[in-house]
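Remarks on the structure that follows.
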Amino acid sequence: MLIVAAAAFLGWIWSGSRLAKRLKWEMARALGIDATLHLPALVATATLLLLRYDIRLRPDSPVKVEFFLGLVALLILPRLPAWARRKEPAPSLFPAWERWRGWASQNGFWLALGVIVLAALAMRLHGLTAFPLDQDDILIRNYTMGIFDRGYPSLSFYNPVVALSTYELVPYPIALSCMIFGWSDWAFLLPAVVFGTLTTLLLGLMGRNLFDWRTGLLAALIYAFNPLNVFWAQHLFHPSQDQFFAILTIWFFYLAIRQPGKLDPKYFYAACLCFCLTYLSWEGQGFLLPVLAVTLLLMYPRRWSWLREPHLWIGLIAVGSIVLIQLSLRVMVAPAYLFLGYGMNSTPSLYFLNQESDPFYYVSSVLVTAPHVLLTILCIAGALFAWRNLTMRYCLLVFVGLLLCFSLFLPVYSIRYFYFYQTLLILTACAAFFLLWDRARELTSESWVARLLAWGSGIAAFLLVLGTATE
């Protein structure tokens, strides 16, 4: 592996120096253009990597000599026309595309996003009641019945009445749906469908606001058809509602701190409100508080003027009060003995010191699985090549912080605990894809061969990412 990497690196240096000498270019410019000639081989390598996830093939089936020789050919052949190119700059190959892109960025976004949101709604409504409610769904349904019987989410265990001390806000949208549509499984599941569809819309708007319209549309498209998202939008447990308010919290917090050393009160209070809503949907969202605080410190080191903002302390007092009240009621309301065995309501601790901990659970169970492996690779590429982009840095810091918290400090592992910040993985990967694509187009502006390869590789990579993430 190291020999292959070293050979590719030395070949890049040699080819770049040859271009610089032949065309009288600066070395940095020649290396940048030559780097884009690796894109076809990179896309082909990603395709071979994904073949290992196909259960119809052996895991070692992509590891063959003919595939290796094909990759070597993809590294050599694109360089031949580049070495033989004219010194005159190439004319634009896509003038019509440039004009259409300007129109689409102003008018086409809303139409495309509307189509994606409607498709997401149809995907989530299709077969909504095809399967019976599972045990978690039935638990929330029974607590919802307590709203109609006793006025608050509760469950009667014969004599004691147990009030819901976690997921406190989850039953209320379900109760509203039952009041309107009647008592049925379809009415129970409808709020999760609505939250899942609204998250599709929210992700498109967030991507457009933080990056550009292309990022918003691609992120919304991937989210709309990702199997994990469709699954949780058809279950009335907390993840769908929780994810919606969590991504709102993360978005509003960025808008509040985007000016160094200053807090925007409007967005900061909105972030505090959304945090309370997501925390009362599931108290595991308490990890957002330290993660957002550390992210703020890392984004603007040695800037402490925001500590003098009175809005900061007002918001922290309000949020802290909600957290303390919820934790206190959780201890006071729950009966001393109800079941025998282990519960799922474990509190955060230094669980990584326990021999039974698995710090790489979410990496092996989610990040390197077929629907997410290319998104993970794009996030790593964004961290390496687009770290100076402030928004990219914010999304990466929040995502990595939450991943570390749930991997190291929560004694219970579950895929649904990754779900609410999965949107950050999608959004960051889409942003990294287009940032790198724009950089490749910029580097290839004076070479029609490199530009054609960059466009072809970019389209192939786009289809590959979209196809695997929605598989």
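Quick note: to get my numbering, add 21 to the position in the sequence shown (first position is 1). Note that CB positions come from ideal geometry on N, CA and C, so glycine has one too. If you're wondering where the values come from, they're calculated on a predicted model, not measured in any experiment.
Assignment of Val191 by DSSP, reduced to helix, strand and coil, places it in the coil class. Going by DSSP, Ser186 is part of no beta strand (DSSP E) at all; its letter is neither H nor E. Excluding sequence positions up to five before and after Tyr415, its CB lies within less than 7 angstroms of the CB of Tyr275, Thr316, Met320, all in the same chain and listed in chain order. When the five nearest sequence neighbours on each side are left out, the beta carbons in the same chain lying within less than 6 angstroms of the beta carbon of His332 are those of Leu284, Pro286, Phe289, in order along the chain.
Judged by DSSP secondary structure, Ser175 falls within the beta strand (DSSP E) whose first and last residues are 175-177.
In this model, Tyr188 and Leu348 are separated by some 12 angstroms (Cα to Cα).
For Trp458, the enclosing alpha helix (DSSP H) begins and ends at 443-464.
Under the 10 Å beta carbon count, Thr150 is surrounded by fewer than 16 other beta carbons and is classified as exposed. Three or more beta-carbon pairs separated by less than 8 angstroms link the region 137-148 to the region 207-224, which places the two stretches in contact. DSSP places Ser428 inside the alpha helix (DSSP H), whose first and last residues are 411-429.
For Ala482, the CB contacts under 6 angstroms within the same chain, skipping 5 residues up- and downstream, are Val64 in chain order. At a Cβ-Cβ threshold of 8 angstroms, Val419 and Val344 do not count as neighbours.
Residue state for Glu377 is assigned as coil, using DSSP reduced to three classes.
The DSSP-derived three-state label of Gly172 is coil. The beta carbon of Leu337 is closer than 6 angstroms to none in its chain, skipping five residues each way along the sequence.
It is roughly 15 angstroms from the alpha-carbon of Pro248 to the alpha-carbon of Leu446.
Residue nearest to Leu396 within the set Glu377, Leu411, Cys451 is Cys451 (criterion: CA-CA distance). Separation of Ala133 and Gly228 (C-alpha to C-alpha, rounded to the nearest whole angstrom) is 14 angstroms. With respect to the 8 angstroms criterion, Leu210 and Gln255 are classified as neighbours on the basis of their beta carbons.
In the structure shown, the three-state DSSP call for Pro153 is coil. Within 10 angstroms of the beta-carbon of Gly167 lie 16 or more other beta-carbons, which makes it buried. For Asp263, the uninterrupted alpha helix (DSSP H) segment begins and ends at 260-278. Residue environment for Trp334: exposed (fewer than 16 other C-beta atoms within 10 angstroms of its C-beta).
If you compare the alpha carbons of Phe169, Thr220, Gln280 with that of Pro260, the shortest gap goes to Thr220.
For Phe252, the enclosing alpha helix (DSSP H) starts and ends at 248-253. Segment contact: the region 433-446 against the region 378-391, three or more CB-CB distances shorter than 8 angstroms; contact assigned. Judged by DSSP secondary structure, Tyr288 falls within the alpha helix (DSSP H) whose first and last residues are 286-302. Separation of the CB atoms of Gln306 and Ala267 is rounded to 6 angstroms, and the pair is thereby assigned contact status at 8 angstroms. Listed in chain order, the non-local C-beta contacts of Tyr244 below 6 angstroms within the same chain comprise Thr221, Leu224, Asn250, Ile447, local neighbours out to five positions each way being set aside. For secondary structure counted as the beta strand (DSSP E) over 3 or more consecutive residues, the region 308-332 holds no complete run. Taking a C-beta distance under 8 angstroms as the contact criterion, Ile161 and Ile195 qualify as a contact pair. A direct Cα-Cα distance of roughly 42 angstroms separates Arg171 from Leu242. Inclusion of Leu431 and Tyr438 in the CB contact set at 8 angstroms is warranted, their separation being smaller than that value.
Burial state of Ala314 is exposed, judged by a 10 Å Cβ sphere holding fewer than 16 other Cβ atoms. By the neighbour-count criterion, in which 16 or more other beta carbons inside 10 Å mark a residue as buried, Ile271 falls on the buried side. The beta carbon of Tyr434 lies closer than 7 angstroms to those of Asp379, Tyr382 in the same chain, with the five residues before and after it left out.
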